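Every position in the sequence shown, counted from 1, becomes a number in the numbering used here once 1299 is added. No residue lacks a Cβ here, since even glycine has one placed at the ideal position from N, Cα and C. Bear in mind that the values here come from a model prediction, so they are computed numbers and not experimental data. Notes to accompany the following structure.
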Amino acid sequence: MHFDAEFYVAVGFTIFLLVMIWVGAHSKFAAFIDARINRIKGELAEAERLRNEAEALLASFEQKRAEAEAEAKAIVAQAKEEAELIAAEGRRRLGEFMDRSVKQVEQKIAQAEAQASAEVRAAAADAAVKIAERALSAGAGAGKDFVGDGIKELKSLAH
């Protein structure tokens, strides 16, 4: 019987497998694979936990961002409202100031008119008195035109 190299390889491999089984290498290999499976399961569970935690954190930040945006909008709206109130108050005060100023100017104009009228009356009265004094001092002559002379004197006093 002549044995080839392949036969010796097959016998050697069979002996190797029997020795491995006898030593318990298959149980050690299975334990190694089970340990690796358990470690991978643990890593997957940790990854899932971290993912859930990240999603919760993201949702929390999204909610805080939405609240901050709402608060910012409320602040802007309140600031606009306050600005409108301040502008309205400013317009009202400006209107009141203008009304007071117009009234003061009207009063000053009325006073100036009254003073000018009084000065004109006083000047007219003074002129009439002077004319009367001259006319009386010149004597009451017959045929004298007192009215014409008075008007001429008024014209000369006015100029």
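Work out the CA separation of GLU1361 and ALA1330 for me, nearest whole Å.
-> 46 Å
Taking the Cβ atom as the reference point for each residue, do ALA1431 and LEU1453 lie within a distance shorter than 9 Å?
-> no
What is the rounded straight-line gap between the Cα of ALA1441 and the Cα of GLY1447?
-> Bear in mind that the predicted position of ALA1441 carries a pLDDT of just 47, short of 50, making it unreliable; the figure below should be weighed with that in mind. Rounded to whole angstroms, ALA1441 to GLY1447 spans 14 Å at the Cα level.
So the alpha helix (DSSP H) PHE1312 belongs to, where does it begin and stop?
-> 1304-1322
Going straight from the alpha carbon of LEU1316 to that of ALA1324, what length do you get?
-> 9 Å
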